[in-house]
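This report concerns only the one structure given below.
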Amino acid sequence: MPRFHRKLERSAIGFVLAIIGVSAIGGFVEIAPLFTIDETVEKVPDMRVYTPLELAGRNIYVREGCYACHSQMIRTLRDEVERYGPYSLAVESQYDRPMLWGSKRTGPDLARVGGKYSDAWHVAHLNNPRDVVPESIMPRYGWLLGNTLRTDDLGASLSAQQMLGVPYTDAMIANAAADAYGQAAPDSGQSSGVGERYGEATNVRAFDGDPGRLTEMDALVAYLQVLGKLTDAAQKQATEANPETAPQVEED
Numbered sequence: 005m006p007r008f009h010r011k012l013e014r015s016a017i018g019f020v021l022a023i024i025g026v027s028a029i030g031g032f033v034e035i036a037p038l039f040t041i042d043e044t045v046e047k048v049p050d051m052r053v054y055t056p057l058e059l060a061g062r063n064i065y066v067r068e069g070c071y072a073c074h075s076q077m078i079r080t081l082r083d084e085v086e087r088y089g090p091y092s093l094a095v096e097s098q099y100d101r102p103m104l105w106g107s108k109r110t111g112p113d114l115a116r117v118g119g120k121y122s123d124a125w126h127v128a129h130l131n132n133p134r135d136v137v138p139e140s141i142m143p144r145y146g147w148l149l150g151n152t153l154r155t156d157d158l159g160a161s162l163s164a165q166q167m168l169g170v171p172y173t174d175a176m177i178a179n180a181a182a183d184a185y186g187q188a189a190p191d192s193g194q195s196s197g198v199g200e201r202y203g204e205a206t207n208v209r210a211f212d213g214d215p216g217r218l219t220e221m222d223a224l225v226a227y228l229q230v231l232g233k234l235t236d237a238a239q240k241q242a243t244e245a246n247p248e249t250a251p252q253v254e255e256d
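Sequential numbering of the sequence shown, starting at 5, is according to my numbering.
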């Protein structure tokens, strides 16, 4: 074998062909499963899209690099299921562009963090993590409270998602800015349209505690509070598989 390697490395053309061959094998292994994607993504009737405010929060989550320390994919390992809840299903990420599964966990997985903590807890945690978790090494994101959320580009953002296959309607796109404001201002005239377009179960409240101003904190907290809540498919599957010992998310 060493003799074969020496011979191969002395032939530039042979070495290039070997590299192409190995790369082709790796590429095929990664690309081939995409041809069966329709068979691997579950079909669920209650899956909904992100609201404009939640999508804006997701964009902020990406902008601030939160995905570098927090994954959003619970593996099928027992310790993960017992700590975080039912393992992640493909359908839960079908509208994520891009997906944020990740493999790095400096902080806990956030796939099922929605509803686990109050809005006030998230605001305090993002403003200064040490106020609620003394041992935390997470950076502060206090400026989110001071930053007014930009909404004039939300229609274009939803339109781009629509082109990628996310089922946003033309009405959703046309009312994106108004719906973003209405979701964080429950007493405003725009709030009723949010439920009509995205479902009555949509969170409509002042996420940062101040209904008079739409901030980036509103958007990020709205996004965090819906993680794991876009469909009940994973919880239903876990309950059906084992009704008596269906995993519960650990409070930590």
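Glycine included, every Cβ here is placed at the ideal spot set by N, Cα and C.
Owing to the predicted nature of the structure, the values given are computational and were not obtained by experimental measurement.
Rounded to a whole number of angstroms, what is the C-alpha to C-alpha distance between residue i and residue j?
i	j	result
residue 52	residue 143	31 Å
residue 123	residue 212	7 Å
residue 251	residue 86	Because the pLDDT at residue 251 is just 48, under 50, the model does not fix this residue reliably, and the value given afterwards should be weighed accordingly. Rounded to whole angstroms, residue 251 to residue 86 spans 6 Å at the Cα level.
residue 47	residue 95	7 Å
residue 232	residue 32	32 Å
residue 260	residue 91	Residue 260 lies beyond the residue range present for the chain, which begins at 5 and ends at 256; the question has no answer from this structure.
residue 137	residue 205	30 Å
residue 25	residue 13	15 Å
residue 83	residue 194	43 Å
residue 163	residue 234	20 Å
residue 97	residue 230	12 Å
residue 72	residue 108	7 Å
residue 134	residue 128	9 Å
residue 81	residue 11	45 Å
residue 34	residue 214	47 Å
residue 157	residue 105	26 Å
residue 27	residue 36	14 Å
residue 140	residue 79	24 Å
residue 169	residue 7	52 Å
residue 203	residue 67	28 Å
residue 166	residue 65	20 Å
residue 1	residue 21	Absent from the structure is residue 1, since the part of the chain shown begins at 5 and ends at 256.
residue 216	residue 149	13 Å
residue 89	residue 29	36 Å
residue 239	residue 93	10 Å
residue 45	residue 175	27 Å
residue 154	residue 39	38 Å
residue 237	residue 201	21 Å
residue 130	residue 241	32 Å
residue 210	residue 125	13 Å
residue 77	residue 23	33 Å
residue 69	residue 16	41 Å
Quick one: residues in its chain with C-beta nearer than 7 Å to the C-beta of residue i, no 5 flanking neighbours on either side, listed in chain order?
i	result
residue 197	179, 182, 183, 186
residue 171	53
residue 151	219, 220
residue 245	none
residue 110	73
residue 75	105, 106, 107, 108, 109, 113
residue 227	58, 61, 62, 65
Near residue i, which residues of its chain fall below 6 Å by C-beta distance, leaving aside the five closest residues on each side in sequence?
i	result
residue 159	177, 180
residue 132	144
So if DSSP puts residue i in a beta bridge, which residue, or which two residues, is it bridged to?
i	result
residue 219	152
Below 8 Å CB to CB, which residues in the same chain sit around residue i once its five sequence neighbours on both sides are set aside?
i	result
residue 199	206, 208
residue 49	none
residue 161	56, 59, 60, 63, 180
The region 55-74 / the region 222-229 touching (three or more Cβ pairs under 8 Å): These segments touch.
At least 3 beta-carbon pairs within less than 8 Å: the region 184-204 vs the region 96-115: no
Whole alpha helix (DSSP H) elements within the region 77-145, 4-residue minimum: Under the rule that a run must span 4 or more residues, the alpha helix (DSSP H) segments found entirely inside the region 77-145 read 82-88, 123-131.
Sufficient close CB pairs (3 or more, under 8 Å) joining the region 111-118 to the region 164-180: no
Sequence ranges, alpha helix (DSSP H) only - wholly within the region 9-73, length at least 4: 16-35, 41-44, 56-67
Sequence ranges, alpha helix (DSSP H) only - wholly within the region 186-241, length at least 4: 195-202, 220-228
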